[in-house]
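A.B. asks:
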């Protein structure tokens with residue numbers, strides 16, 4: 001196991017640091033800190049949320065042993081937070097990240113998160129930061145379009161993308177546990 005026993009966690013909307021992923025990390029002996037996308041933080045404008053996360057990244061996670069884990073909308077905020085940060089050294093693991101508009105599916109409205117096109121604009125301009133990132137999402141995820149994930153994540157040189165066949169937005173708990181064990185070993 002790595003010397004660094006801390007993980008910066010950005011769970012999805014309404015997710016808690018002591019939710020499923022956080023509890024797994026605690027049981028693995030890691031200290032878990034980060035930002036919950038809930039309450040006062042959730043009510044901030046996205047620009048302020050990004051500023052706060054950027055400050056966390058620059059002041060607390062600027063070394064190669066740092067670990068960032070994000071899920072869903074927390075992963076979305078992380079991706080926007082690093083757009084203008086050069087040479088971010090930490091290792092990053094994202095589960096079912098929101099990356100832009102949701103998939104077009106029958107009987108389901110399309111979701112456009114704030115700044116929904118920005119990641120794709122950075123990708124198309126070859127401006128995505130080159131970071132050590134691993135991303136896992138479901139092939140049937142209605143929120144994280146697997147094609148959009150492939151398009152964006154493949155533009156990051158040190159990236160690994162796993163599209164889980166038949167999985168939706170909420171990946172299976174056993175799968176998440178196995179990924180965490182592998183990523184942190």
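Numbering (the UniProt record's numbering), first residue to last: 1 to 185. The beta-carbon is built from N, C-alpha and C at its ideal position, and this holds for glycine as well. Everything numeric in this text was worked out from a predicted model, so none of it was measured.
#1: Can you tell me whether DSSP reads residue 30 as helix, strand or coil?
#2: Which same chain residues end up closer than 7 Å to residue 88 when comparing Cβ atoms and leaving out the 5 residues on each side of it in sequence?
#3: My assumption, with CB atoms under 8 Å, is that residue 90 sits in contact with residue 61. Please give the rounded CB distance.
#4: Can you tell me whether residue 71 is helix, strand or coil according to DSSP?
#5: In angstroms with no decimal places, state the Cα-to-Cα distance between residue 1 and residue 171.
#6: Given this structure, state the Cα-to-Cα distance separating residue 27 from residue 68, to the nearest angstrom.
#7: Can you tell me whether residue 123 is buried or exposed? The criterion is at least 16 other CB atoms within 10 Å of its CB, across all chains shown.
#8: Residue ranges of each alpha helix (DSSP H) run of no fewer than 4 residues wholly in the stretch 112 to 164, ordered along the chain?
#9: In chain order, what residues of the same chain have a beta carbon less than 8 Å from the beta carbon of residue 187, not counting five sequence neighbours either side?
#10: Suppose contacts are defined by Cβ-Cβ distances below 9 Å. Is residue 47 in contact with residue 72 by that definition?
#11: From the DSSP output, in three-state form, read off residue 176 for me.
#12: Given this structure, state the Cα-to-Cα distance separating residue 161 from residue 38, to the nearest angstrom.
#13: Helix, strand or coil: how does DSSP classify residue 58 here?
#14: Express the C-alpha separation of residue 29 and residue 147 in angstroms, rounding to a whole number.
#15: Could you check what DSSP says for residue 48 in three-state terms: helix, strand or coil?
C.D. replies: Let me spell this out:
#1: Here residue 30 is taken as the residue at index 30 of the chain shown, counted from 1. Note: residue 30 maps to coil in three-state DSSP.
#2: Counted from its first residue, the chain shown places residue 88 at position 88. Contacts found: 57, 82, 129 and 131.
#3: The residue you call residue 90 lines up with position 90 of the chain shown. The residue you call residue 61 lines up with position 61 of the chain shown. About 5 Å; that satisfies the 8 Å criterion.
#4: Counted from its first residue, the chain shown places residue 71 at position 71. Here residue 71 sits in strand by DSSP.
#5: By one-based count along the chain shown, residue 1 stands at place 1. By one-based count along the chain shown, residue 171 stands at place 171. Annotation note: pLDDT 43 at residue 1 (below 50); position unreliable, coordinate value reported separately. Taking the straight line joining both Cα atoms gives about 24 Å.
#6: The residue you call residue 27 lines up with position 27 of the chain shown. The residue you call residue 68 lines up with position 68 of the chain shown. When rounded, the distance between both Cα atoms is 17 Å.
#7: Within the chain shown, numbered from 1, the residue matching residue 123 stands at position 123. The residue is buried, with at least 16 neighbouring Cβ atoms inside 10 Å.
#8: 118 to 124 and 146 to 153
#9: Only positions 1 to 185 of the chain appear in the structure, and residue 187 is not among them; the question remains open.
#10: Here the question's residue 47 lines up with position 47 in the chain shown. Here the question's residue 72 lines up with position 72 in the chain shown. Result no, Cβ atoms of residue 47 and residue 72 do not sit closer than 9 Å.
#11: Stepping through the chain shown from its first residue, residue 176 is reached at position 176. If DSSP states are grouped into helix, strand and coil, residue 176 belongs with the helices.
#12: Translated into the one-based positions of the chain shown, residue 161 becomes position 161. Translated into the one-based positions of the chain shown, residue 38 becomes position 38. When rounded, the distance between both Cα atoms is 28 Å.
#13: Your numbering for residue 58 matches position 58 in the chain shown. It is helical.
#14: Here the question's residue 147 lines up with position 147 in the chain shown. Here the question's residue 29 lines up with position 29 in the chain shown. Cα to Cα, residue 147 sits roughly 35 Å from residue 29.
#15: As a first step, residue 48 is located in the chain shown; it is residue number 48 there, counting from the start. Correct three-state label for residue 48: helix.
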